Each structure stands twice: as structure tokens, then as C-alpha cells.
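Okay, structure first, notes after.
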Amino acid sequence: MPTAAHLVAALILAAVGWFASELVKPVIEAATGRSAFPRLAIVNLVIGALAGWVVIGKRAGRGVSAAIGNGITGVATLVFWALFVQAAAEMVNRALARRYDGPMEAIAGVFELFVDYAAFLGDGQVLTALAAGALVAGLGAEFAARRWR
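Each residue of the sequence shown is one higher than the one before, starting from 5 at the first, in this note's numbering.
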């Protein structure tokens, strides 16, 4: 059932996904020498909205300490699915360019790319944005759950 907590969590985590994507683009470009994925921020915005709605919004209203944990869980969900979707998209591009010898190598390539992309998140600005976003999303959803029942 749609609630204000669901909406607030979805909007905040969507913003976190977009903002973190914009912060990680220069890190990717500096490390690889090529521009980041063209739709990185938009895809991660959608993933963030879904993670906020499903993970944080559903659990809002259980107290402040639970809200902080919910925010951390929501951001972890956002990061996992964003890394997986971006790695899978790159695997498809590489598979279409015939860089893999077979389907099992392509599937293994998703997990290799996942780990490679996770290394880009080690930048201090990105980690700070994700941590702050977790707090704001969790506490914002908690406030919305208490304020608008």
C-alpha cells in the first residue's frame, strides 16, 4: 500500500543514486581513460527509487535506530543492484562484440565486472555521499511515517 514513507524513501534514495553516480563518473573516467556509461545516473536513479520504496518504505515507523539501519540496508541494496545491472549491461555489450568464448565465460564476466566496478566506490566523496544518503533516507522515511499516517 502506498504511504508517505514509501514516497519519501523512494525520492531520497533516487536522489542518492543519481548524485552518487555523478560523483563516480570522474573516478571511472580517471581510472579507465574512457567516459562512464551514458545512462549510469538515470539507471541508478530508477534503482534507487525502487530500493527506497521496497526496502526502506516498507520498514519505516519502527523507531530512529531502526530507521538508520533501514537507510543503510536501502543504500546497500541500491549499491548491489546498481553494480549488478551495470555489470550485466557491460557483459551484454562485450558479448555482442564477441569478447567471450561461451555463455559461461560471459556469466563469469558479470561477476568480474561487478568486483571491478565496486572498486570505483572506494572514493571518499562517493562513500560519504552514500553514508549521508543512508541516514537522510532512513530518517526521512521515519519522519514521514510518524507525521503522515
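Think of the CB as a built atom: it goes at the ideal place given N, C-alpha and C, for glycine as much as any other residue. A quick note: this is a predicted structure, and the numbers were derived from the prediction, not measured.
Pick helix, strand or coil for residue i, following the three-state DSSP scheme.
i	result
W85	helix
P30	helix
G37	coil
A93	helix
P107	helix
G126	helix
T7	coil
A101	coil
Using only alpha-carbon positions, find the residue among the options that is nearest to residue i.
i	options	result
S69	A141, L44, W152	A141
S39	L49, S25, G52, I60	S25
T132	L27, V12, M5	L27
L117	H10, A80, L87	L87
A71	W152, R153, G144	G144
V119	L11, Q90, A19, K29	Q90
Between residue i and residue j, how many whole angstroms is the CB-CB distance? I'm expecting something under 8 Å.
i	j	result
M95	V83	Not confirmed; about 18 Å, so no contact.
V59	T36	At roughly 30 Å, the Cβ-Cβ gap does not stay under 8 Å, so V59 and T36 are not in contact.
A9	G65	7 Å
A14	A45	Not a contact, Cβ separation roughly 16 Å.
A110	A99	5 Å
If we count the other Cβ atoms within 10 Å of its Cβ and call it buried at 16 or more, is residue i buried or exposed?
i	result
E33	exposed
L225	Beyond the ends of the chain as shown, which are 5 and 153, falls residue 225; an answer cannot be given.
G137	buried
V130	buried
N48	buried
I51	buried
W152	exposed
L134	buried
R3	With the chain covering only 5 through 153, there is no way to say anything about residue 3.
A112	exposed
A149	buried
A101	exposed
Looking at the secondary structure, which residues open and close the alpha helix (DSSP H) in which residue i lies?
i	result
V59	V59 -> no alpha helix (DSSP H), and no H or E assigned at all.
Under 7 Å between C-beta atoms, does residue i make it to chain D?
i	result
R98	This model lacks chain D altogether; it includes just one protein chain.
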